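S.K.: Before we start, here is the structure in question, set down as C-alpha cells.
2 protein chains.
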Amino acid sequence: MPQPFEIPTLSLTVDCVVFGLDAEQEDLKILLIQRAIPPFEGKWALPGGFVRPGEAIEQAAFRELKEETGLEKVYLEQLFTFGDPRRDPRARIVTVAYYALVNLNEHTLKATTDARSAAWFSVNDVPELAFDHARIVEVALKRLKGKLRYEPIGFELLPKKFTMPQLQTLYELVLERRLDRRNFRKKILGMGLLVELDEVKQDSVGRAAKLYQFDERKYRKLKQRGFNFEV
Amino acid sequence: MPQPFEIPTLSLTVDCVVFGLDAEQEDLKILLIQRAIPPFEGKWALPGGFVRPGEAIEQAAFRELKEETGLEKVYLEQLFTFGDPRRDPRARIVTVAYYALVNLNEHTLKATTDARSAAWFSVNDVPELAFDHARIVEVALKRLKGKLRYEPIGFELLPKKFTMPQLQTLYELVLERRLDRRNFRKKILGMGLLVELDEVKQDSVGRAAKLYQFDERKYRKLKQRGFNFEV
DNA sequence: CCAAAAGTGTTGGGACTACACCCATGA
DNA sequence: TCATGGGTGTAGTCCCAACACTTTTGG
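This is the structure in C-alpha cells:
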C-alpha cells in the first residue's frame, strides 16, 4: 500500500445504551446522563466517552459505564458503529455503540461524583437526545427485539431468581405483544433450561409465584450440541 | 465534560469480506488481495483501506471495493468493529469490517492497476491472512450463516434469474447441510416471493430447469405487514 | 369470603419431515 | 435409448394457537 496521502486520524468514542427492566412498574427503561458542558449542554445523552490509546474498545465501554454510572459486570454487546462525518459538530468523531442489559432493581445508580446526573427513562418516553443518540437508541431497541427471541439474553434483565410472570412480562414489554400464559410456560419450561426453586415470591396480593433460575451451564452444553433457544 | 487529557486520536480503516457464489463449481468463495508492501508483504488480506476525513464509513467501504476490485453496487452490510490495540503492528488502527455479497459469475475482477493481485478463494481453503483478518472472515461466515435463514439475502449471491436447484445449492453450501428438494421448493414457493419466468436454463446434461426471479417489491410490502422471511 | 394473580390440559389445524417415481433433455 | 438432473404428492408427526376453570394468598 503506497500511501500518497497522510494517514488520516480521527477520534473514537464508545456509547452505551443501557437497558434496565423496572419490574415493579412493568416498564423497559434506558439510562441517560445529562451533559454538563457544550456541545448539547444540559441535554440528555448516552453514557460514553473517548477510547484511550492502548485500550480495547469493549474495555473502554466497560470503563465508561463504571465511571459514569457505577455499573459493573453487566451484559455488554457491540451494537453498531456510527460514523457520519457531521454527527459531532466539533470534529470528526466516530462512535462504537454498545448495548448493555441490567436488572434495574438490583443496581442503584452511583452518586454522580462529577456533577453529571444519571437517570432512567422509559423507552416510550425518551427526552430529546444529544448528537445522533436518538438513532442509536432506535437501533439498539430493534436489536434487542430481534435478539430476545433467539438468544437467552432476557434473563440478564431479571434478578437471578425470577418468576414465570416476570419473564413473560419482560417478553411482552420488549416484543410489544401479549403472549398466552399457558403456551409461554410450556415453551419455556419445555426447553429444560430453568431450575425450579423451592421458594416463592410474595408481593402484596394474589397467589405467590414460584421462583426459577436460568441454568447457564446447561444452556451452553445444549448449544454445543446444536440446540437453538427460541421463544 | 471537562477534559483533563488530550483527546486521543487513532486511524480508522474499513475491511470487506466479499462473498461470491461460484455456481459452476458449487463453492462459496471470498475475495482476497495480495499485499504489496509491509507489514505482511506478500500475504493475502481483505480488501480495505483508510477512512478519509469527511467520508462516511460505509462510503469508504464502497470506495475501497471499487478501487481494489472494481466491484460496484453490491450488497454491503456492516459486520463488526475490531479494535484490539495490537491488531496492527504499526500503530493503533481500528477497523470497521463489512461483508458484501456478489454473484461471482457476473462480475469479472478488474485488472489490478496497482500491481496488487486479487483472487477468489474457497471459504474452505483460505490462505494465511494478514492482521486479524482470519478472525474477521470467521465472524463474517457466522453472520452470513445466521442471516441467510431469516433475511432474503441469498438472492444477492445469485444471478437475477436463477433456478430452484441453484438456490437450494446456495443454502446447502452456506448452511452446511443437505435439504430435501421437495420440501425446499414448497417452503420457498409458498412464500410467494418468486416469479416464475417463461424461460429455462439449459446447461449440458439433464432436464432444463425453470428460471425464477426474486420479487423485491412484493417482499418489502409483505415485510411491512409483519411477514418474516424464513427458510 | 372476596379479590387478585398463579397455575394447569386438551384439542384442532397448519407446518414440517420423510420418502420414490416420472419427466425432459442432450449426447 | 440412456444417463443426468428436474419436477412432483402424500401420509405421519409434531408443534403451535386457542381457550376457561381451579388454586393459592392476603386483606
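In order, the protein sequence lines correspond to chains A and B. Each residue of the first sequence is one higher than the one before, counting from 901 in this note's numbering. Each residue of the second sequence is one higher than the one before, counting from 901 in this note's numbering. All residues carry an ideal CB built from backbone N, CA and C; glycine is no exception. Only a predicted model underlies this, so the values are computations on that prediction, with no experimental measurement involved.
1) Applying a beta-carbon distance threshold of less than 7 Å, which residues of chain A neighbour Phe950(B)?
2) What residues are listed by DSSP as bridge partners for Gln1066(B)?
3) Hey, Asn1005(B) and Glu955(B) are a contact pair by Cβ (cut 8 Å); roughly how many whole angstroms apart?
4) Should the region 1105-1114 of chain A be called in touch with the region 959-969 of chain B, which here means at least 3 C-beta pairs below 8 Å?
5) Using only the alpha-carbon positions, how far apart do Lys929(B) and Val1023(B) sit?
6) Helix, strand or coil: how does DSSP classify Ala961(A) here?
7) Within this structure, are the beta carbons of Tyr999(B) and Ala1030(B) separated by less than 8 Å?
8) Just the chain B side, please: which residues come within less than 8 Å of Asp984(A) by C-beta, in chain order?
9) With a threshold of 16 other CB atoms inside 10 Å of the CB of Thr1008(A), please say whether the residue is buried or exposed.
10) Please report whether the beta-carbon of Val994(A) lies at a distance below 8 Å from any beta-carbon of chain B.
11) Can you pull the chain B neighbours of Thr981(A), defined as C-beta to C-beta under 7 Å?
12) Reducing DSSP to helix, strand and coil, say where Phe1175(B) ends up.
13) With DSSP as the reference, identify every bridge partner of Asp927(A), one or two as the case may be.
14) Where DSSP assigns a beta bridge to Gln978(B), which residues make up the other side?
15) Can at least three beta-carbon pairs, one atom from the region 930-946 of chain A and one from the region 938-958 of chain B, be found at a separation below 8 Å?
16) Taking 8 Å as the cut-off, decide whether the C-beta atoms of Leu1093(A) and Lys1118(A) are in contact.
17) Where Gln978(B) and Asp915(B) are concerned, what is the direct C-alpha to C-alpha distance, given to the nearest angstrom?
18) Consult DSSP for Glu972(A) and reduce its assignment to one of helix, strand or coil.
19) Determine, using beta carbons only, whether Lys1087(B) and Val1131(B) come nearer to each other than 8 Å.
20) With DSSP as the reference, label Glu1099(A) as helix, strand or coil.
21) Quick check: the Cα distance between Gln1102(A) and Ile1053(A), rounded to an integer number of angstroms?
22) Give me the DSSP bridge partner(s) of Val1039(A).
23) What separation, rounded to the nearest whole angstrom, lies between the Cα atoms of Leu921(A) and Gln1068(B)?
24) What do you get for Leu1089(A), buried or exposed, if any count of 16 or more other CB atoms within 10 angstroms of its CB means buried?
25) Where Leu1073(A) and Leu1097(B) are concerned, what is the direct C-alpha to C-alpha distance, given to the nearest angstrom?
26) Is DSSP giving Tyr1112(A) helix, strand or coil here?
27) Using a Cβ-Cβ cut-off of less than 7 Å, give me the residues of the region 911-931 of chain B that come near chain A, in sequence order.
28) For Val1026(A), tell me which candidate among Phe1127(A), Asn1128(A) and Ile933(A) has the shortest Cα-Cα distance.
29) In whole angstroms, what is the alpha-carbon distance linking Arg987(A) and Lys1123(A)?
30) Hey, how far is the Cα of Ser911(B) from the Cα of Lys1047(A)?
31) Please classify Glu968(A): is it buried, with 16 or more other beta-carbons within 10 angstroms of its beta-carbon, or exposed?
32) Can you check whether the C-beta of Pro953(A) is within less than 8 Å of a C-beta belonging to chain B?
33) I think Leu1058(B) touches Leu1070(B), with their Cβ atoms under 8 Å apart; what is that distance to the nearest whole Å?
34) How many whole angstroms separate the CB atoms of Thr909(B) and Gly949(B), which I take to be in contact at a CB cut-off of 8 Å?
35) So which of Tyr1050(B), Phe1055(B), Arg1077(B) and Pro985(B) has the shortest CA-CA distance to Asp1032(B)?
36) Report yes if the CB atom of Thr981(B) is closer than 8 Å to the CB atom of Val951(A), and no otherwise.
M.R.: Walking through what the data contain:
1) Ile907 and Pro908
2) None; Gln1066(B) has no bridge partner.
3) About 31 Å separates the two Cβ atoms, so there is no contact after all.
4) no
5) 5 Å
6) helix
7) no
8) Ala956
9) exposed
10) yes
11) Ile957, Gln978, Thr981 and Val996
12) This structure cannot settle anything about residue 1175(B), because the visible part of chain B is limited to 901 through 1131.
13) Asp922(A)
14) Tyr998(B)
15) no
16) yes
17) 10 Å
18) coil
19) yes
20) strand
21) 25 Å
22) Answer by DSSP bridge pairing: none, since Val1039(A) is not bridged.
23) 42 Å
24) exposed
25) 44 Å
26) strand
27) Ser911 and Leu912
28) Ile933(A)
29) 40 Å
30) 31 Å
31) buried
32) yes
33) 6 Å
34) Actually they do not touch by this definition, with Cβ atoms about 18 Å apart.
35) Pro985(B)
36) no
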